[in-house]
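Chemist:
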Amino acid sequence: MNDSPKDVYNLRSFEYLIYDAVHLLYLADDEGVEQGEGGYGPTYTRTSILNTLLLFECAANCCIDALNLPGGFEEDIDRLPFLSKYEFFLSCINPAAKFDRGCKEVQVVAELKAVRDSYVHPKVKKRKYSKADDFWSPDFGHTTILKIPRNPTRWETSHAMLALKSANDFFNLFFLSWCKFDTNRVCEILLSSDPAGIPATASIGIYCIEGLTRAVRDYGIDFLFIGKVVRRS
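Once you know that position 166 of the sequence shown is 193 in my numbering, the rest is easy, because the numbers rise by one and skip nothing.
Below you can see the structure in the form of structure tokens.
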């Protein structure tokens, strides 16, 4: 009979969410959302965006876990909206820094949160048909900053790229500029299966997430916050 391992495995979903968001984006880009009936492009696009939208809450929960708060207090913090979790985490890590809700990166995250909430709490929406370019269709509008359609059936590959790049830019700003973490510390908080330490207690390689290079080169999504390096040929 095998002995049970002494250490506890910490399941953090960030790795799988970012992997799926990236690779579903590749599939959408390769297939094209203009394939019409029978194509999977629109499905790949929507699923890539949904995985991207889940990254924000996942990372916020990883941050709170790394603080190792007392049980009752952690439960109270866990009830906060995820932007408030980031603000609380920053106040603990770097009290001199300001969580600037007015900056573009944070405003975009708030906008993407509204997209997520609309998708996961679906309600019947009604609009009259309108005609544009000789085509009749109900127009539900789009978000203010990113211009992502509020009707998910109108999401295109460019919207998936934009959502993922917006997430990347927020994480770069939050972890590297505001928290002033090095990438090893960020990787331990978001990717490690071991308990996360502040400062980091182990070296975590980001190359467990395969296939990021294309996103860097083709879409300008650099993944600096987890230490991605692309060597130019």
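Cβ atoms here follow ideal geometry from the backbone N, Cα and C, with glycine treated the same way.
(1) Could you give the distance in angstroms between the alpha-carbon of Phe41 and the alpha-carbon of Gly99?
(2) Roughly how many angstroms separate the alpha carbons of Lys152 and Pro165, rounded to a whole number?
(3) Is it the case that the Cβ atoms of Asn88 and Ala48 are separated by a distance below 8 Å?
(4) Please state whether DSSP places His186 in a helix, a strand or coil.
(5) Please report the distance separating the alpha-carbon of Leu82 from that of Leu52.
(6) Closest to Ile248 by CA distance: which of Ser219, Leu107 and Phe197 is it?
(7) Would you kindly check if the distance between the Cβ of Leu251 and the Cβ of Asn199 is under 8 Å?
(8) Where does Ile45 land, buried or exposed, given buried means 16+ other C-beta within 10 angstroms?
(9) Does Tyr36 get closer than 8 Å to chain B when you measure Cβ to Cβ?
(10) DSSP on Ser220, reduced to helix/strand/coil?
(11) Judging by CA-CA distance, which residue of Ala137, Gly129 and His148 is the nearest neighbour of Pro108?
(12) Could you give the distance in angstroms between the alpha-carbon of Arg39 and the alpha-carbon of Ala55?
(13) Are the Cβ atoms of Pro179 and Asn37 separated by less than 8 Å?
(14) At the level of alpha carbons, what is the spacing between Arg106 and Lys112?
(15) Quick one: what does DSSP say Lys125 is sitting in, helix, strand or coil?
(16) Run through the DSSP bridge pairs and tell me what Pro176 is partnered with.
(17) Please report the distance separating the alpha-carbon of Arg143 from that of Glu114.
(18) Looking only at its chain, what residues have a beta carbon closer than 8 Å to the beta carbon of Val35, apart from the 5 residues adjacent to it on each side?
(19) If you measure between the beta carbons of Leu110 and Ile104, is that distance less than 8 Å?
Modeler: Reading off the structure:
(1) Computed Cα separation, rounded: 25 Å.
(2) Distance between the alpha carbons of Lys152 and Pro165 is about 10 Å.
(3) Result no, Cβ atoms of Asn88 and Ala48 do not sit closer than 8 Å.
(4) Helix.
(5) Going by the C-alpha atoms only, they are around 15 Å apart.
(6) It is Phe197.
(7) Taking 8 Å as the Cβ cut-off, Asn199 and Leu251 qualify as a contacting pair.
(8) Buried is the call here.
(9) The structure shown contains no chain B, having only a single protein chain.
(10) Judged by DSSP in its simplified three-state form, Ser220 adopts coil rather than helix or strand.
(11) The candidate whose alpha carbon is nearest that of Pro108 is Ala137.
(12) Whole-angstrom Cα-Cα distance: 26 Å.
(13) No.
(14) Cα to Cα, Arg106 sits roughly 9 Å from Lys112.
(15) In the three-state reduction of the DSSP assignment, Lys125 falls in the coil class.
(16) When beta bridges are read from the DSSP output, Pro176 appears opposite His169.
(17) Taking the straight line joining both Cα atoms gives about 20 Å.
(18) Excluding residues within five positions, the ones whose Cβ falls inside 8 Å are Pro222.
(19) The answer is no: Cβ separation not under 8 Å.
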